[in-house]
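A.B. asks: Next up is a structure, given as C-alpha cells.
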Amino acid sequence: MRQHLWVAVLLAAAIGCQKTPASTSASDTTAATGATAAKSPPPAAAEEKPKPVPAELPAVVARVNGEEITRTEFEQSVHNLEGRAGRPVPAEQRDEVYRGLLNDMLAFKLLKQEAGRRHVTLTDQELDEAVKQMRQQFPDEAAFKQAMAAQKLTLAQVRDQARTSMLVQKLLDQEVSGSVVVKPADISAFYEKNPDRFKQPEAIKASHVLIAVPQGADAAAKQAARAKADGVLKQARGGADFAGLANKYSNDASAAHGGDLGFFPRGQMVPEFDTAAWALEPGQVSDVVETQFGFHIIKLTEKRPARTVPFSEVAPQIEQYLRQQQQQEKTKAFIDRLKTSGKVEVLI
234 MRQHLWVAVL LAAAIGCQKT PASTSASDTT AATGATAAKS PPPAAAEEKP KPVPAELPAV
294 VARVNGEEIT RTEFEQSVHN LEGRAGRPVP AEQRDEVYRG LLNDMLAFKL LKQEAGRRHV
354 TLTDQELDEA VKQMRQQFPD EAAFKQAMAA QKLTLAQVRD QARTSMLVQK LLDQEVSGSV
414 VVKPADISAF YEKNPDRFKQ PEAIKASHVL IAVPQGADAA AKQAARAKAD GVLKQARGGA
474 DFAGLANKYS NDASAAHGGD LGFFPRGQMV PEFDTAAWAL EPGQVSDVVE TQFGFHIIKL
534 TEKRPARTVP FSEVAPQIEQ YLRQQQQQEK TKAFIDRLKT SGKVEVLI
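The sequence shown begins at 234 in the working numbering and counts up one residue at a time.
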C-alpha cells in the first residue's frame, strides 16, 4: 500500500503544511541527517509507467459503490499534497503522483464505507482530544487557523474529516492491527539473514549553526551574513554553549535540537561542509564554512569507526519494521477484498 495513504488518514497532514525537522540517532540502521547541508538522495530506479491522466479531468473521476469522487475533491487533494511538499507536482511525475493519489482516495473511500457498514463508533471525547492534539502541533491558535484557511477548511470541516479518519483508523485497528504478530524469533532471523543492512561506515557526529543566505542575495546581504557568522564563531570559541548558540542564531531546522545533526558518514553532506567537518577532532569548532546554503559554524562531537550495529541496539527498529510490513500487507489484502466485493469505477 502506498505510504501517503497514511498521510491521507491523518488530519493534521490534511490541514497542515508545517514542517518538522527529521531526527536521527546513533542506532539508525543507515546513517542519515535532516540537515540543510545534506545532499539530495539519488533518483529512484525507473518503474513501469502509469496510465496517463488526461489534462482535462471529468466532473467525476471515480465511483466507489456508487459514491462519487469528484474532480473538485481530487483537485483539492492534489492541492493539499502540493502544500505539504511545498511545490507543485513536477510535470514528469504527474501521472504517477495523480494515479497514486487516486488509488489512496479509492482505498480511503472503501474503508470509510466499511466502517459505516460495521457501525464503528467514535465518542465526542475522543474527537475533542484528537482536535486538541492537532491544535498543539501548531505554535499558536493563529497558526492553526492560518493552516485551515490555506486548505479552505472551517473548524466544522476539520472535525468532520478528523471523525472520518479516526473511524477508518479504528476499523483498521480492529481488522488489521490485532492480527499483526512479530515473534522474537522473527526479529533475530531478520537480523541474521540481512547482515549488510546493519553495517555502518565510519561516521561522525556534529552540530552546526547556519546563517542562511538566500539564493540570489546581493553582496551586501552576504557580507552581513558573514559578519553575523563571524560573531557567532567568536562566541563559540569564547566558551559559549554551542547548543544555545544554535538555538538562538541558526536558520536550520536542527536549531530546535541545539544544532545536532546526529551521525553521518563521509560524503553525506555537501562537499565544503563535509571536508570541514571531517577535518575536525571531537570538541573542535571549525572556521566559518561557506556553502550554497550560507555560512556554517561546525562543532564535532564524536567520531565513530565502521561497525556492525549490535542486535540489542537495533532489535526495536527491526520489530517496528516487521510490524509495519505486516500491517501494510494485511491492509492491502483487506482493501483488495473490499474492492473485489464492491464496485470500483475509475473514469480517468
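All residues carry an ideal CB built from backbone N, CA and C; glycine is no exception.
These figures come from a predicted structure and were not determined experimentally.
Pair every Cβ in the region 435-445 with every Cβ in the region 560-571, then say whether three or more of these pairs are closer than 8 Å.
C.D. replies: Contact fails: fewer than three Cβ-Cβ distances are below 8 Å.
A.B. asks: What would DSSP say about PRO428, mapped onto helix, strand or coil?
C.D. replies: PRO428: helix per DSSP, three-state reduction.
A.B. asks: Let's test the definition: count the other Cβ atoms within 10 Å of the Cβ of ALA278 and tell me whether it reaches 16, buried, or not, exposed.
C.D. replies: Here ALA278 scores only 49 on pLDDT, less than 50, and its place in the model is too uncertain to base an answer on.
A.B. asks: Is the Cβ of PHE371 closer than 8 Å to any Cβ of chain C?
C.D. replies: The structure shown contains no chain C; it is built from a single protein chain.
A.B. asks: Taking 7 Å as the limit between beta carbons, can you name the residues of its chain near THR524, skipping five residues before and five after?
C.D. replies: The residues are ALA270, VAL503, GLU505 and PHE506.
A.B. asks: Would you identify the three-state DSSP class for ALA268, choosing helix, strand or coil?
C.D. replies: Reliability fails at ALA268, whose pLDDT of 43 lies under 50, so the model's placement of it is uncertain and no value is given.
A.B. asks: Within its chain, find whatever has a CB closer than 6 Å to the CB of LEU400; leave out the 5 residues flanking it on each side and keep chain order.
C.D. replies: So the qualifying residues of the chain are ALA348, VAL353 and LEU355.
A.B. asks: Look at the alpha carbon of GLY500 and the alpha carbon of THR508, and state the distance between them as a whole number of angstroms.
C.D. replies: When rounded, the distance between both Cα atoms is 9 Å.
A.B. asks: Leaving out five residues before and five after TYR331 in sequence, what residues of the same chain have Cβ atoms less than 6 Å from its Cβ?
C.D. replies: So the qualifying residues of the chain are VAL286.
A.B. asks: Look at VAL542 and LYS532 and say whether their C-beta atoms are less than 8 Å apart.
C.D. replies: Going by C-beta atoms, VAL542 is not nearer than 8 Å to LYS532.
A.B. asks: Over the uninterrupted beta strand (DSSP E) stretch that includes GLU301, give me the two end residues.
C.D. replies: That run of the beta strand (DSSP E) goes 300-303.
A.B. asks: Grouping DSSP H, G and I as helix and E and B as strand, with all else coil, what is PRO417?
C.D. replies: PRO417: helix per DSSP, three-state reduction.
A.B. asks: Need the endpoints of the beta strand (DSSP E) that LYS438 sits in, please.
C.D. replies: Start and end: 436-445.
A.B. asks: Taking C-alpha atoms, which residue in LYS536, LYS455 and ALA486 lies nearest to ALA510?
C.D. replies: Of LYS536, LYS455 and ALA486, the residue nearest in Cα terms is LYS536.
A.B. asks: Looking at C-alpha atoms only, which residue of ALA479, ALA288, PHE475 and ARG351 is the closest neighbour of GLU408?
C.D. replies: Out of ALA479, ALA288, PHE475 and ARG351, ARG351 has the C-alpha closest to the C-alpha of GLU408.
A.B. asks: With DSSP collapsed to three states, give me the class of ILE357.
C.D. replies: The question names Ile, yet the displayed sequence has Asp at residue 357. Residue state, collapsed to three classes: helix.
A.B. asks: Given a cut-off of 8 Å, decide if LEU334 and GLY575 are closer than it, judged by their beta-carbon atoms.
C.D. replies: It is not a contact, given that the beta carbons lie outside the stated cut-off.
A.B. asks: Using beta-carbon positions only, say whether ALA292 and LEU339 come within less than 8 Å of one another.
C.D. replies: No, the Cβ-Cβ distance between ALA292 and LEU339 is not below 8 Å.
A.B. asks: Determine the direct distance from the alpha carbon of GLY491 to that of PRO254, and round the result to whole angstroms.
C.D. replies: Its pLDDT being 28, under 50, PRO254 is placed unreliably by the model, and the measurement read from it follows with that caveat. C-alpha separation (whole angstroms): 12 Å.
A.B. asks: Taking 8 Å as the threshold (C-beta atoms), are VAL522 and LEU466 in contact?
C.D. replies: Not in contact: LEU466 and VAL522 (Cβ atoms no closer than 8 Å).
A.B. asks: Would you report the Cα separation of LEU386 and GLU308, rounded to the nearest angstrom?
C.D. replies: Answer to the nearest angstrom: the Cα atoms are 15 Å apart.
A.B. asks: With which residues is ALA295 paired in a DSSP beta bridge?
C.D. replies: DSSP output for ALA295 lists ILE302 and VAL579 as bridge partner(s).
A.B. asks: How many angstroms separate the CA atom of LEU478 from the CA atom of ARG540?
C.D. replies: Cα to Cα, the separation comes out at about 32 Å.
A.B. asks: Do HIS529 and VAL442 have their beta-carbon atoms positioned less than 8 Å apart in this structure?
C.D. replies: Yes, they are a contact pair.
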